[in-house]
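The next block holds one structure in the form of structure tokens; read it before the comments.
Chains as they are written, first to last, in this note's numbering: chain A, 701 to 1034; chain B, 50 to 398.
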């Protein structure tokens, strides 16, 4: 119905439309007004809204997020753009102890979006953290990871019309990824996963850039006659447990694919959830495909050795099918 | 603190009432007395376990709260650090709901979820007390940013202590407010001790935190925090500057807490002589009383009446807290986010 736009442009569109709709929305971060952010995520919106609503901040992450929390408590709906989510370390008290706690303590909403580009790309260890499990672990935060332009636009709109502090993670390598997007009032709900490929043999749950890799793996597996269902988690907290469990019940086999380090990860949480809730439906243990427990290095050869590749996903599914073959119709899954 | 002070016959440093709203001063005194009585009541209540945990008392710091908050307008916003009772009461919170919160009762301002370090009443413009050193300045700074964008006319005031003068975030907030010209008053309540560490051991230039702040390019003053008039005048000037778009002001009030960091703490890091000297010569309540009596603005016997009233108000708050219902354990995991989720954990049905 409309032209394809990039993920970055989808973010711009949502910001522009929502800022026109609601005067309480402003965006604050470094290098926004002229440059449009380090990922051009707010390119060209500065002149329309002026420096009062597209605010260039000093490199003071604690001050940026505190500005958002305090402003949210005084009637605004701030978007705090940290550019790289790695820089949230400098504002962790403001995120985890202030934004996350206010509603529980006082019943007052803190409608706040904290945007950061996330996931593995370049520039080595300090710019490639995957922090979704950190944020998921903190009661009071909502965590989203859209993987395409339509979800980026629609989920941002939901966040800006909701009442929670939302950690908005955009994968760096998806910034230029293209697709169609919805109109000004097409919202994508927070807390709902999306089935992006229907299948009956295995459920592959993926987040962010891993959705594309999971889809590529599913194509390879289909050539062997294995039909994978691929689910884009979209929201990390609250997880769409209903969608996850429904698909897992159907296929009896679950592989979770994330780009984060493995220990205490989103993948671990999903594995625990599935075995706790529907153990009797499973033909095989839940498998996790994650990055290795290592910082992200500079050389692309080293990066590729650490983060999940399409082959890793294919191999994991094949290995699962080999070690734990499908039970027959009278088998344990009935 | 460059003014020469005169000693009253009672041995107190005299304070001046110039520029203060004469008709309101009895209410100031009354509020200071309520704060003092409230704080003095806490030690036995925490020691007996009626109040879970401990509390940070502000006895000795009453003039800071009353002098500054009375210079604000009712719609102005205030945020506090971990020693907040005097601010909350001065901003208009009822001793009943503050006391009930300390007791962890459902009638407390946070329904028993917050306790001493998480008081709040947004309807009164009180954006809460905060358990993290320096953090309240950030909340106030953000509220001031909202006020500027919305052109609401509000001014925000964020309190912090001498301890908070040594955390990096405080200076991020000061710089941000200065460069954005926010309607903010950054208020350092310097009571000389961060828990037990004397400011001289934690800051090289410890005689003036205000001097440090002036390097950020905002007007910065150091005042006698035990002189309610000086606190009022400095805050009023800062408010005027903020409200007219001239940006933030840094106020450092030199003050003193009579008790330890926590109730019933043995404060062996300072001498009794030091505490007594502050009490005998600078007590903020006695100094205001003396000034009002000397100028015949307080009738003989009126101080005793106000004190008796304060005692009764605090006693009533304790009765109220004691008779208030406990919070319902079934609600312990409610209201974490607006969007619903399965809370898991032991609270799960």
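Glycine residues also receive a C-beta, built at the ideal position from the N, C-alpha and C atoms.
Practice problem: Go through its chain and collect everything with a Cβ distance to residue 153(B)'s Cβ below 6 Å, but skip five positions before and after it. | Solution: The residue labelled residue 153(B) in the question sits at position 104 within the second chain. The residues are 101, 161.
Quiz item: Under the three-state reduction of DSSP, which class applies to residue 927(A): helix, strand or coil?
Solution: As a first step, residue 927(A) must be located in the first chain, where it is residue number 227. Of the three classes helix, strand and coil, the one that applies to residue 927(A) here is coil, per DSSP.
Practice problem: Could you name the residues of the same chain whose beta carbon sits closer than 8 Å to that of residue 73(B), not counting the 5 residues immediately before and after it, in chain order? | Solution: Mapped onto the second chain, residue 73(B) falls at position 24. So the list reads 119, once near-sequence residues are dropped.
Self-check item: Validate contact between the segment 238–255 of chain B and the segment 297–315 of chain B using beta carbons, cut 8 Å, 3 pairs
Solution: yes
Practice problem: Hey, could you find the ends of the alpha helix (DSSP H) residue 135(B) is sitting in? | Solution: The residue labelled residue 135(B) in the question sits at position 86 within the second chain. Where residue 135(B) is concerned, the enclosing alpha helix (DSSP H) stretches over 134–139.
Quiz item: Short check: CB of residue 779(A) to CB of residue 841(A), under 9 Å?
Solution: Position 79 of the first chain holds residue 779(A). Position 141 of the first chain holds residue 841(A). Cβ atoms of residue 779(A) and residue 841(A): not closer than 9 Å.
Practice problem: Give a yes or no on whether the minimum CB-CB distance between residue 938(A) and chain E is below 9 Å. | Solution: Here chain E cannot be found, since the structure's protein chains are A and B.
Quiz item: With 16 as the cutoff for other CB atoms within 10 Å, does residue 766(A) come out buried or exposed?
Solution: Translated into the one-based positions of the first chain, residue 766(A) becomes position 66. Residue 766(A) comes out buried.
Practice problem: Would you identify the three-state DSSP class for residue 414(B), choosing helix, strand or coil? | Solution: Within the shown structure, residues of chain B are numbered from 50 to 398, placing residue 414(B) beyond reach of any answer.
Quiz prompt | Three-state secondary structure assigned by DSSP to residue 237(B) | solution = The residue labelled residue 237(B) in the question sits at position 188 within the second chain. Correct three-state label for residue 237(B): strand.
Exercise. Output yes or no for whether 9 Å exceeds the beta carbon distance between residue 872(A) and residue 739(A).
Key: Reading the first chain from its first residue, position 172 is the one you call residue 872(A). Reading the first chain from its first residue, position 39 is the one you call residue 739(A). Yes, the pair counts as a contact, with Cβ atoms nearer than the cut-off.
Practice problem: Return the CA-CA distance between residue 89(B) and residue 773(A), expressed in angstroms with no decimal places. | Solution: The residue labelled residue 89(B) in the question sits at position 40 within the second chain. The residue labelled residue 773(A) in the question sits at position 73 within the first chain. Taking the straight line from one Cα to the other gives about 32 Å.
Exercise. Ignore the nearest five residues each way along the sequence and tell me which others in residue 125(B)'s own chain have a CB closer than 8 Å to its CB.
Key: The residue you call residue 125(B) lines up with position 76 of the second chain. Same-chain partners within the cutoff: 174, 203, 204, 205, 206, 288.
Quiz item: So, is the C-beta of residue 643(A) closer than 9 Å to a C-beta in chain B?
Solution: The requested residue 643(A) does not occur in the structure, where chain A is confined to residues 701 to 1034.
Quiz item: chain B beta carbons: is any one of them nearer than 9 Å to that of residue 867(A)?
Solution: On the first chain, residue 867(A) is found 167 positions in, with the first residue counted as 1. Not an interface residue.
Quiz item: If you check the beta carbons only, do residue 96(B) and residue 370(B) fall under 9 Å apart?
Solution: As a position in the second chain, residue 96(B) is number 47, starting the count at 1. As a position in the second chain, residue 370(B) is number 321, starting the count at 1. Contact flag unset, no.
Quiz item: Which full runs of the beta strand (DSSP E) of 3+ residues lie inside the segment 782–824 of chain A, going along the chain?
Solution: 812–818
Quiz prompt | Per-residue contacts from residue 287(B) into chain A (C-beta, under 9 Å) | solution = Mapped onto the second chain, residue 287(B) falls at position 238. Result: empty, since nearest Cβ-Cβ is about 18 Å, beyond 9 Å.
Practice problem: Return the Cβ separation of residue 928(A) and residue 902(A) in integer angstroms, given the expectation that the two are a contact with Cβ distance under 8 Å. | Solution: By one-based count along the first chain, residue 928(A) stands at place 228. By one-based count along the first chain, residue 902(A) stands at place 202. Indeed, because the Cβ distance is near 5 Å, the residues count as touching under 8 Å.
Quiz prompt | Segments assigned beta strand (DSSP E), at least 3 residues, entirely inside the segment 264–352 of chain B | solution = 269–273, 298–303
Practice problem: For residue 997(A), collect the residues of the same chain with a Cβ closer than 8 Å to its Cβ; drop the 5 residues on either side in sequence, then sort them by chain order. | Solution: The sequence position of residue 997(A) within the first chain is 297, counting from 1. The residues are 824, 825, 1003, 1006.
Quiz prompt | For residue 706(A): DSSP bridge partner residues | solution = In the first chain, residue 706(A) corresponds to position 6, counting from 1. Answer is 878(A), bridged to residue 706(A).
Exercise. Compare the beta carbon distance of residue 984(A) and residue 945(A) with 9 Å and say whether it is the shorter of the two.
Key: Numbered from 1 along the first chain, position 284 holds the residue referred to as residue 984(A). Numbered from 1 along the first chain, position 245 holds the residue referred to as residue 945(A). Taking 9 Å as the Cβ cut-off, residue 984(A) and residue 945(A) do not qualify as a contacting pair.
Quiz item: Does the beta carbon of residue 222(B) sit closer than 9 Å to a beta carbon anywhere in chain A?
Solution: Within the second chain, the letter at position 173 stands for residue 222(B). For residue 222(B), the answer is yes, since a Cβ of chain A falls inside 9 Å of its Cβ.
Exercise. Tell me, please, whether the segment 273–289 of chain B touches the segment 108–119 of chain B by the rule of three or more beta-carbon pairs shorter than 8 Å.
Key: yes
Quiz item: Using 9 Å as the limit for Cβ to Cβ distance, is residue 390(B) near chain A?
Solution: Numbered from 1 along the second chain, position 341 holds the residue referred to as residue 390(B). Yes, contact with chain A.
Quiz prompt | Alpha-carbon to alpha-carbon, residue 829(A) and residue 995(A) | solution = To locate residue 995(A), count along the first chain from 1; it is residue 295. To locate residue 829(A), count along the first chain from 1; it is residue 129. Computed Cα separation, rounded: 8 Å.
Quiz item: For residue 374(B) versus residue 156(B), is the C-beta distance shorter than 9 Å?
Solution: In the second chain, residue 374(B) corresponds to position 325, counting from 1. In the second chain, residue 156(B) corresponds to position 107, counting from 1. Result yes, Cβ atoms of residue 374(B) and residue 156(B) sit closer than 9 Å.
Quiz item: How would you label residue 936(A), buried or exposed, when you count the other beta carbons within 10 angstroms and need 16 or more for buried?
Solution: Taking the first chain and counting its residues from 1, one reaches residue 936(A) at position 236. Buried.
Exercise. Would you mind telling me which residues of chain B sit closer than 7 Å to residue 760(A), beta carbon to beta carbon, in chain order?
Key: As a position in the first chain, residue 760(A) is number 60, starting the count at 1. What residue 760(A) touches in chain B: 221, 224, 225.
Quiz item: Hey, does residue 773(A) have any beta-carbon neighbour from chain B nearer than 9 Å?
Solution: Translated into the one-based positions of the first chain, residue 773(A) becomes position 73. Interface residue, yes.
Quiz item: By DSSP, does residue 932(A) sit in helix, in strand, or in coil?
Solution: Within the first chain, the letter at position 232 stands for residue 932(A). Three-state DSSP puts residue 932(A) in a strand.
Quiz item: residue 893(A) by DSSP, collapsed to three states: which one?
Solution: Reading the first chain from its first residue, position 193 is the one you call residue 893(A). Coil at residue 893(A), not helix or strand.
Quiz item: If you run the structure through DSSP and keep just helix, strand and coil, what is residue 712(A)?
Solution: Stepping through the first chain from its first residue, residue 712(A) is reached at position 12. Reduced to three states, the DSSP call for residue 712(A) is helix.
Exercise. Measure the C-alpha to C-alpha separation of residue 865(A) and residue 358(B) and round it to an integer number of angstroms.
Key: By one-based count along the first chain, residue 865(A) stands at place 165. By one-based count along the second chain, residue 358(B) stands at place 309. So the alpha carbons of these two residues sit roughly 44 Å apart.
Quiz item: When the Cα atoms are used, what is the spatial distance from residue 306(B) to residue 908(A)?
Solution: Counted from its first residue, the second chain places residue 306(B) at position 257. Counted from its first residue, the first chain places residue 908(A) at position 208. Taking the straight line joining both Cα atoms gives about 53 Å.
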